[in-house]
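Okay, structure first, notes after.
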Amino acid sequence: ALIEGTKKLFKVPENVTPLGIVSLGYPAETKPPRENYNPEKVHRNKW
Numbered sequence: 262a263l264i265e266g267t268k269k270l271f272k273v274p275e276n277v278t279p280l281g282i283v284s285l286g287y288p289a290e291t292k293p294p295r296e297n298y299n300p301e302k303v304h305r306n307k308w
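Those letters in the sequence shown? Residues 262 to 308, by my numbering.
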């Protein structure tokens with residue numbers, strides 16, 4: 262159902278089966294960057 266809907270939406274020929282779709286564009290809003298680094302989660306030569 263998902264593949265058939267995709268083929269219909271993008272007018273893909275019947276003999277072609279889409280394996281994936283890549284979305285490109287710009288976000289609607291700009292968010293500040295997140296800081297994901299946590300030094301407590303970094304292990305140096307030990308657990």
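Every residue, glycine too, gets a C-beta built ideally from N, C-alpha and C.
Exercise for the section: With T267 as the anchor, note down where its alpha helix (DSSP H) starts and where it stops. Expected result: 263 to 270
Exercise for the section: Could you give the DSSP three-state label for E275: helix, strand or coil? Expected result: DSSP, read as helix, strand or coil, puts E275 in coil.
Problem - Among L263, K268, S284, the one whose alpha carbon lies nearest that of V277 - result: K268
Exercise for the section: May I have the straight-line CA-CA distance separating L270 from G281, to the nearest angstrom? Expected result: 14 Å
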